[in-house]
Ligand code: SF4
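Residue numbers (this note's numbering): -18 to 293.
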């Protein structure tokens, strides 16, 4: 066990702070042991244009999650003990050591990736840090994107300083009630606010190379059906706090998948009218750095197949 991996001993990596003894095979809320599991690695074209570019983002999807939203779009990589309808024992996911992760990043770079994009990696942070250190020592020089739900401890993000170039983060909820209802995390707004502050401390301004982001913080606002007002509050808060230091991505692509039957809102797509109302709100604030979506983007085809495959 390395000193970094000793963080799994009594795990407080994410805001759940379960203190699970993951080195002894005990699991916490995220249901993951101390061995990273991958759902997929490939060149990915469906991130924002400044991330995917023309050749794709070298994306590594980690299995498990510390948030566990009931509307999760990636549930085949989440144990069904955490999200009903998720995978059982995740036999399609593959384990990877720090050395194997490092080699994978280099393979993705050699396949033409503009960047290395680590998706939902918070619960494997010790391995992520080790693997990035190894990859940097082996000559990895393209940007590293840390792609997160926003449910992070600022203290954990601080460990990524100097290893991560771009934070690609969701900001899902402003209201503890919504965060509790959909993600069992009433403390989400408080932690996400501190997380964004830490991300911007590390990456205070966007840096571009032609049309590709090299450094910065891109915040995603996924509009949920029936939640326009909360999304407006989120954008207002973030823009008042950080202005154009943040790049916004305002998403209408929420896809209804099988859900707990009792939820009255999440079983439908976002309407055009809801999305336009949110965009008009963002424009009225004067936001300039923002991606918006044209037409209907809500389709299951936007969700990659999480087959454990390494496609590079
Ligand atoms: S990473 Fe997992 S085990 Fe660790 S605190 Fe978070 S949910 Fe608990």
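A virtual CB, placed ideally from N, CA and C, is assigned to each residue, including glycine.
Quick caveat, the model's predicted, so the values are computed rather than measured.
Residue 140 vs residue 99 beta-carbon contact at 9 angstroms: no
Residue from 171, 219, 109, 232 whose Cα sits closest to the Cα of residue 159: 171
9 angstroms Cβ cutoff, residue 181 in contact with chain B: Here chain B cannot be found, since the structure has a single protein chain.
Classification of residue 111 by the beta-carbon crowding that lies within 10 angstroms, buried from 16 upward: buried
Residue 0: CB within 8 angstroms of a non-hydrogen atom of the ligand SF4: yes
Complete runs of the beta strand (DSSP E) confined to the region 176 to 235 [at least 3 residues]: 188 to 190, 193 to 203, 227 to 232
For residue 253, the nearest candidate out of 273, 245, 269, 265 (CA to CA): 273
Segment contact, 8 angstroms Cβ cut-off, at least three pairs: the region 191 to 206 with the region 224 to 232: yes
Same chain, Cβ closer than 6 angstroms to residue 149, five either side skipped, listed in chain order: 126, 128, 199
Top-ranked residue by Cα proximity to residue 4, from 62, 93, 20, 104: 104
Within the region 46 to 98, ranges of the beta strand (DSSP E) (whole runs, at least 3 residues): none
Any non-hydrogen atom of the ligand SF4 closer than 8 angstroms to residue -6 Cβ: yes
Continuous beta strand (DSSP E) stretch holding residue 22: start and end: 18 to 25
Beta carbon of residue 63 nearer than 9 angstroms to that of residue 130: no
Member of 211, 30, 2, 168 whose CA lies at the smallest distance from the CA of residue 255: 211
Stretch-stretch touch, CB-based, cutoff 8 angstroms, three pairs: the region 1 to 15 with the region 39 to 53: yes
Where residue 5 sits in the DSSP three-state scheme: helix
Identity of the residue in 217, 182, 22 nearest residue 77 by Cα: 22
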